[in-house]
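Peer 1: The structure follows.
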Amino acid sequence: MSDNRPVNLDIGTISFPLPAIASITHRISGVILFVGVGVLLWMLDASLASQASFDELMSTLQSPLAKLVIWGIVAALIYHSIAGIKHLIMDMGVGETLEGGQLGAKLTVGISTVLIILAGLWIW
Amino acid sequence: MVTSVTSLGRSGLYDWLLQRVSAVVLLAWFVCIGGTILGAPELTFVYWKSVFSGTAMRIFTLLALVSLFAHAWVGMWSVVTDYLTERMMGPRAVVLRLTVQVVCVIVLFSYVVWGVQILWGN
Numbered sequence: 144m145s146d147n148r149p150v151n152l153d154i155g156t157i158s159f160p161l162p163a164i165a166s167i168t169h170r171i172s173g174v175i176l177f178v179g180v181g182v183l184l185w186m187l188d189a190s191l192a193s194q195a196s197f198d199e200l201m202s203t204l205q206s207p208l209a210k211l212v213i214w215g216i217v218a219a220l221i222y223h224s225i226a227g228i229k230h231l232i233m234d235m236g237v238g239e240t241l242e243g244g245q246l247g248a249k250l251t252v253g254i255s256t257v258l259i260i261l262a263g264l265w266i267w
Numbered sequence: 015m016v017t018s019v020t021s022l023g024r025s026g027l028y029d030w031l032l033q034r035v036s037a038v039v040l041l042a043w044f045v046c047i048g049g050t051i052l053g054a055p056e057l058t059f060v061y062w063k064s065v066f067s068g069t070a071m072r073i074f075t076l077l078a079l080v081s082l083f084a085h086a087w088v089g090m091w092s093v094v095t096d097y098l099t100e101r102m103m104g105p106r107a108v109v110l111r112l113t114v115q116v117v118c119v120i121v122l123f124s125y126v127v128w129g130v131q132i133l134w135g136n
């Protein structure tokens, strides 16, 4: 379908309100998880294959780079989950007003930030 | 709509429902695994192996992987049909988008098969 109609909504010139930032972050975290699941499956494989591979995985995960990668995946998982729960709550008709949407975005960012920091403390 | 032919449920309503049902399954699985890891006094190989040797946990994990297949299909479809468009990518957008979609489906299918191998092969 060739569509040459002009586009009036040029998102490059719009300053994003918080709910829009929360929404695009939900997408970005989803794409990160699409790749991250590969890392998680690799870890599950190594952790269940044998005692030797379990021990090897545990020592690999001690390196700062590995911890950073795990924290990144866990952070994406936490944010994606909290933003997803917000979606489910909004699907039930709660918080669909402008004020509700702004409060929901604030809660999503706030709760995620706290949980991501806690996860970082647990990993290190 | 040209783009809807590659959506999972062939309709926005089916995709919407699949996205939510699979999301709840995935959330439940990750909460369960998170609780197992955080709740274990000491995470040893013997304990971890025993968690994944039960049939119920294997069914739950395979269900999570199948849910991931549906969830990520719908999610990646939403992303590529929004950004890999002719307006943003030029006339080659359709070829590029279909290629990315095929790669996504192959990756997701591989995740499911890999998961089966991990659960029943080890």
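From first to last, the protein sequence lines are chains C and Z. In our numbering, each number is its position in the first sequence, counted from 1, plus 143. In our numbering, each number is its position in the second sequence, counted from 1, plus 14. Backbone N, C-alpha and C define an ideal beta-carbon position, used for all residues, glycine too. Quick caveat: nothing in here was measured; it's all calculated off a predicted structure.
I'd like to know if A70 (chain Z) contacts chain D, where contact means its C-beta is closer than 9 Å to some C-beta of that chain.
Peer 2: In summary, chain D is missing from the structure at hand, where the protein chains are C and Z.
Peer 1: At a CB distance below 8 Å, what residues from the segment 232 to 247 of chain C approach chain Z? Give them in sequence order.
Peer 2: Of all residues in the segment 232 to 247 of chain C, those with a C-beta nearer than 8 Å to a C-beta of chain Z are D234, reading in chain order.
Peer 1: So the alpha helix (DSSP H) I225 (chain C) belongs to, where does it begin and stop?
Peer 2: 207 to 234
Peer 1: Using a Cβ distance threshold of 8 Å, determine whether the segment 118 to 132 of chain Z contacts the segment 78 to 85 of chain Z, with at least three qualifying pairs required.
Peer 2: yes
Peer 1: Would the segment 34 to 47 of chain Z and the segment 222 to 238 of chain C be scored as touching if the rule is three or more Cβ pairs under 8 Å?
Peer 2: yes
Peer 1: Going by C-alpha distance, which of Z:R101, Z:M102, Z:L41, Z:E56 is nearest T75 (chain Z)?
Peer 2: Z:L41
Peer 1: At 8 Å on the CB atoms, spell out the chain Z contacts of S190 (chain C), in chain order.
Peer 2: Identification of chain Z residues near S190 (chain C) by a Cβ-Cβ cut-off of 8 Å yields F59, W62, ordered along the chain.
Peer 1: Please confirm whether W43 (chain Z) has its beta-carbon closer than 9 Å to some beta-carbon of chain C.
Peer 2: no
Peer 1: Are there three or more Cβ pairs, one per stretch, closer than 8 Å when the segment 241 to 258 of chain C is compared with the segment 201 to 216 of chain C?
Peer 2: Not touching, per the Cβ criterion.
Peer 1: For W134 (chain Z), which of helix, strand or coil comes out of DSSP?
Peer 2: helix
Peer 1: Kindly give me the distance between the Cβ atoms of L220 (chain C) and I132 (chain Z), rounded to whole angstroms, as I take these residues to be in contact under 8 Å.
Peer 2: At roughly 19 Å, the Cβ-Cβ gap does not stay under 8 Å, so L220 (chain C) and I132 (chain Z) are not in contact.
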